[in-house]
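Structure first, then comments.
Residue numbers (my numbering), protein chains in the order written: chain B, 711 to 852; chain U, 80 to 300.
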């Protein structure tokens, strides 16, 4: 399949110079009025509005299932309406805090051996305090 | 411009869409294209169980490794990123800069298997669907930058129609009746495809004219 293609340039000749990083440009250490950023340039606002990582809509199956549908399907519809690949991080945090509070909130002052689980008092069941840790572990492992 | 012969069609800078059912010989054909072209060829492969095996060249798992391959004058790169949808956007943008840096004198080729997964048919307008838009950019503007795009799919009904239309050549293998119906407007000679030898496809020009049969050598199967 060779013959017609002229190769006057090699790949190494064509590699473009990479743009300077923000550290190289801002070498005079001047104070910036910009919001704080991560090393990759992400602002706090970017992080709160981030929708990654998220399962792509195409890979989310949605068979009719009254027992498991409902909120999941509404969520999927909202994603389609807003044309986003996922809920912004700030929404996940807000909803998660509400869910955590509704489930009984932080287990402040309760004994480990307390058997009065699920009676609605502050602190909730003995296994509740681990839920937030489990969620944070899951998020940090993504 | 005439369709030319099969070697001329495969060597020139025009895009090729490779269509056909699984296990018909189209991936082997693409493997041979990748292995034998004089261009710098990048195969954008999937990770895991869907990874096309036996693709020639150095393996790059990150974009930095693709850059390193170019810097090392590698002409065959198997790029296996974590997310092809993100990778193709970055790759397209960078190859445009490579092409401009080389004054468009470096012929390149990009091969994407299961391209419909990266560029599915969608109602989203241009600008709102980055990976599909990157494929469209490849097929519409790659030629003038010396970048030939080869998109492979066994499901042309779900492949972005604009990207498919912008492929000057279409190498077609046997496919199901419903897929034939989906591409009925392209003028493919399915009779000739059916009569072709096993694992051979038929290369068509975008006018529907048959250029000839294509079949990979045994070692690329």
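Note that beta-carbon positions come from the ideal geometry of N, C-alpha and C, so glycine has one too.
Alpha carbon to alpha carbon, what distance is there between residue j and residue i?
i	j	result
residue 758(B)	residue 787(B)	21 Å
residue 268(U)	residue 248(U)	14 Å
residue 800(B)	residue 206(U)	25 Å
residue 188(U)	residue 213(U)	14 Å
residue 153(U)	residue 293(U)	27 Å
residue 104(U)	residue 229(U)	15 Å
residue 329(U)	residue 193(U)	Past the boundaries of the shown model lies residue 329(U); chain U is included only from 80 to 300, so the question cannot be answered.
residue 82(U)	residue 256(U)	27 Å
residue 133(U)	residue 808(B)	51 Å
residue 270(U)	residue 231(U)	21 Å
residue 798(B)	residue 164(U)	20 Å
residue 243(U)	residue 96(U)	7 Å
residue 147(U)	residue 813(B)	52 Å
residue 136(U)	residue 802(B)	43 Å
residue 186(U)	residue 108(U)	20 Å
residue 106(U)	residue 236(U)	18 Å
residue 121(U)	residue 179(U)	18 Å
residue 278(U)	residue 190(U)	20 Å
residue 168(U)	residue 204(U)	16 Å
residue 811(B)	residue 250(U)	60 Å
residue 102(U)	residue 806(B)	47 Å
residue 162(U)	residue 756(B)	21 Å
residue 780(B)	residue 220(U)	45 Å
residue 719(B)	residue 151(U)	13 Å
residue 804(B)	residue 252(U)	52 Å
Output yes or no for whether 9 Å exceeds the beta carbon distance between residue i and residue j.
i	j	result
residue 131(U)	residue 125(U)	yes
residue 233(U)	residue 94(U)	no
residue 262(U)	residue 272(U)	no
residue 302(U)	residue 157(U)	Since the first and last residues shown for chain U are 80 and 300, residue 302(U) lies out of range.
residue 721(B)	residue 173(U)	no
residue 88(U)	residue 265(U)	no
residue 140(U)	residue 114(U)	no
residue 303(U)	residue 723(B)	Residue 303(U) lies beyond the range of chain U shown here (80 to 300); nothing can be said about it.
residue 149(U)	residue 170(U)	no
residue 144(U)	residue 117(U)	no
residue 92(U)	residue 222(U)	yes
Looking only at its chain, what residues have a beta carbon closer than 8 Å to the beta carbon of residue i, apart from the 5 residues adjacent to it on each side?
i	result
residue 111(U)	295, 296, 299
residue 239(U)	195, 198, 199, 200, 201, 211, 214, 215
residue 208(U)	201
residue 286(U)	82, 266
residue 728(B)	none
residue 129(U)	193
Can you list, in chain order, the residues of its chain whose CB lies under 6 Å from that of residue i, leaving out five sequence neighbours each side?
i	result
residue 166(U)	160
residue 760(B)	799
Once you ignore the five residues that flank residue i on each side, which residues in its own chain have a CB closer than 7 Å to its CB?
i	result
residue 183(U)	224, 225
residue 218(U)	94, 228, 242, 245, 246
residue 254(U)	98, 99, 100
residue 289(U)	268, 271, 281, 283
residue 85(U)	282, 290, 291, 293
residue 259(U)	269
residue 175(U)	224
residue 791(B)	none
Can you list, in chain order, the stretches of the beta strand (DSSP E) that have 3 or more residues and sit fully within the segment 105-169 of chain U?
119-123, 137-139, 155-158
What are the start and end residues of each continuous alpha helix (DSSP H) run of 4 or more residues lying completely inside the segment 209-290 of chain U, in chain order? 209-220, 240-244, 256-261, 269-274
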